[in-house]
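In this note's numbering, the protein residues as written are 1461 to 1961.
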């Protein structure tokens, strides 16, 4: 994966600036000289280490390390020190600079390809002609024929391998040629040498001589011949059959030795004297006695149903009447609800972190242990995986993480109201007539403000400020709730309109 950062023309571009490609899994940006991308900042609007772009397991994220904030795609809220996923074409705003992030999925390099398992093996038979055989001269015929042709000399040299085949003495016992043409068991096997001279390479190459076992023909006698000869229990032994008459066309008919019987003759069964027979009446089949296991046996339940019941028990819904056939749909709905809840809680925590960053409030940083996967996850899918498969060290258990996240959200709501109340009181204190009068008295240029008719305006201001301060002190909710409710509802309407679009 290739990650490149370049300057957006809509912002300031240094004179010698060019695209910077991430190497080593991270790319640091800031005004400090130790960064991969050093930004000139004479006004010190940027931090020495402003932000860092990292590749976390194939996910490109940006982490805001600055004081003045790093903004993504012209947002008004800074990112904060939470890993935020980046996509191709995203724009990062750092002070006056605008940086475009380009992410290109890289193809696997030659180093990443698996080695050829056949690279170290010898040349295969199908590729033997690609390399010369050093022993080919032993088998290839020359221009003048085989060297044995000259030694044998004259016309007495046989013209083919079939003419130098020695005469078998048993051939005199066989019938003349053509008598066995119709018998498939006496057809000669083709050797590919008929009609070719001795100078042609009619034998295997000497470098690859080996014994090629003939393909065994299908046996005439089946493998289970002994099963066929064995008599069935309770049946008389089969009568002994006579051997078939010899085939008059078979030349070996008189040469075969007598075959012994494969199965010895079975002795005659013992004939016991007849006994009086007893004719029993019709029997009533007895009913099988019931066993204890059959009385208490319960049909096995699939493992998926047991898992679904365990989920409902942990949810506190074990007393609900849910049939087994409805468990699949119930679990599907529960999974969709869990995904929405995890995604929503994660978004609220990220918004809370951005607000704390904007107001320069100390934020939760990742530590060696006790980290909440809902706060330090790159995507909702990663958060769900961390909750369902808690295998990473240094993180809370799933139930502890969910409990802490909800506690932080509740505390954030209360702290926001308390913070706004204290902020308003602090602003009013700075507008106090006593504070203003002290500042005016210490400034000679404003000393003539209280002369003449303008002194009456000051008296009116003192009276109005006393009334406003009294309302803020004793009836803050009435004094503050009207404007707060109006601004709160307007913000909700804007968010709703954006979601509808």
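Note that beta-carbon positions come from the ideal geometry of N, C-alpha and C, so glycine has one too.
Just verifying my parser: in three-state terms, what is the DSSP assignment at residue i?
i            : result
residue 1839 : coil
residue 1527 : coil
residue 1896 : helix
residue 1489 : strand
residue 1500 : coil
residue 1917 : helix
residue 1882 : helix
residue 1537 : coil
residue 1775 : helix
residue 1847 : helix
residue 1866 : helix
residue 1891 : coil
residue 1506 : coil
residue 1616 : Caution applies to residue 1616, whose pLDDT of 45 falls short of 50 and renders its modelled position unreliable; the model cannot decide the point.
What does a CB cutoff of less than 7 Å around residue i pick up in its chain, not counting 5 residues either side in sequence?
i            : result
residue 1572 : Confidence in residue 1572 is poor, its pLDDT being 47 and thus under 50, which makes the residue's placement too unreliable to answer from.
residue 1478 : none
residue 1521 : 1514, 1543, 1544, 1545, 1546, 1838
residue 1565 : 1461
residue 1830 : 1856
residue 1843 : 1802, 1806, 1833, 1834, 1837
Tell me where the alpha helix (DSSP H) around residue i begins and ends.
i            : result
residue 1813 : 1787-1818
Please list, in chain order, all residues of the same chain as residue i whose beta carbon is under 8 Å from its beta carbon, the five residues on each side excluded.
i            : result
residue 1825 : 1541
residue 1556 : 1471, 1472, 1505
residue 1790 : 1768, 1772, 1782
residue 1530 : 1510, 1511, 1522, 1524, 1538, 1539, 1552, 1553, 1554
residue 1549 : 1560, 1561, 1562
residue 1922 : 1893
residue 1960 : none
residue 1924 : none
residue 1895 : 1889
residue 1558 : 1467, 1468, 1470, 1471, 1551, 1552
Per DSSP, residue i forms a beta bridge with which residues?
i            : result
residue 1855 : 1831
residue 1480 : 1465
residue 1513 : 1487, 1522
residue 1544 : 1522
residue 1955 : Paired residue(s): none; residue 1955 is not in a bridge.
CB-CB under 6 Å to residue i, same chain, minus the five flanking residues each way: which ones, in chain order?
i            : result
residue 1426 : Absent from the structure is residue 1426, since the part of the chain shown begins at 1461 and ends at 1961.
residue 1467 : 1473, 1477
residue 1864 : 1832
residue 1836 : 1826
residue 1527 : 1507
residue 1496 : 1487, 1488
residue 1485 : 1515
Over what stretch of residues does the beta strand (DSSP E) that includes residue i continue unbroken?
i            : result
residue 1561 : 1557-1564
residue 1551 : 1551-1554
Contact between the stretch 1474-1494 and the stretch 1511-1518 is defined here as three or more beta-carbon pairs at a separation below 8 Å; is this criterion met? Because the criterion of three Cβ pairs below 8 Å is met, the stretch 1474-1494 and the stretch 1511-1518 touch.
Stretch pair the stretch 1841-1858 + the stretch 1792-1805: three plus CB contacts closer than 8 Å: Contact between the stretch 1841-1858 and the stretch 1792-1805 is present, because at least three Cβ pairs lie under 8 Å.
Examine the Cβ distances between the stretch 1806-1824 and the stretch 1784-1795 and report whether three or more of them are shorter than 8 Å. Contact between the stretch 1806-1824 and the stretch 1784-1795 is absent, because fewer than three Cβ pairs lie under 8 Å.
For the structure I just gave you, are there three or more beta carbon pairs, one from the stretch 1915-1927 and one from the stretch 1870-1881, closer than 8 Å? Contact fails: fewer than three Cβ-Cβ distances are below 8 Å.
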